[in-house]
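Everything on this sheet refers to the single structure shown next.
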Amino acid sequence: MMRGELAYREAVARADLARAQFLTTAEEAKQRVAPARLKQDLKDRISGAALDGVARAAAQAQQRPVAIGAAAGAFVLFLARRPLTALFRRLFVRFRNPNPDYSESDDG
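Under our numbering, read the sequence shown as residues 3 to 110, first letter to last.
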């Protein structure tokens with residue numbers, strides 16, 4: 003009888019240990035899927051990806067500064083295309099119209 007009672011107590015102890023581990027794991031999982039935790043994890047991933055991108059861009063710029071400079075210049079020109087177009091239109095009108103008494107901003 004002693005042997006069966008000892009086995010029973012060991013089984014109860016193992017079950018209690020397994021239950022405690024399960025509850026701990028369940029609590030950890032619950033904390034991981036909490037909205038605040040998910041939001042923070044997403045922020046951390048985005049900031050990490052942004053820092054990696056900046057570091058990669060800096061490394062590329064050191065390897066090929068002329069190509070990166072040309073690409074950056076083209077991008078700036080693309081962003082400023084409307085103001086530049088308006089400027090060149092005004093300049094073109096001024097060069098075609100040699101009469102300085104009449105400008106394109108006069109109403110009549």
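For every residue, glycine included, the Cβ atom is placed at its ideal position computed from N, Cα and C.
### Query
Start and end of the alpha helix (DSSP H) containing A36?
Taken as a continuous stretch (DSSP letters only), A36 belongs to no alpha helix (DSSP H), as it is neither H nor E.
### Task
With DSSP as the reference, label R5 as helix, strand or coil.
helix
Identify whether A88 lies in helix, strand or coil by the three-state DSSP scheme. helix
Using DSSP with H/G/I as helix, E/B as strand and the rest coil, what is R66? coil
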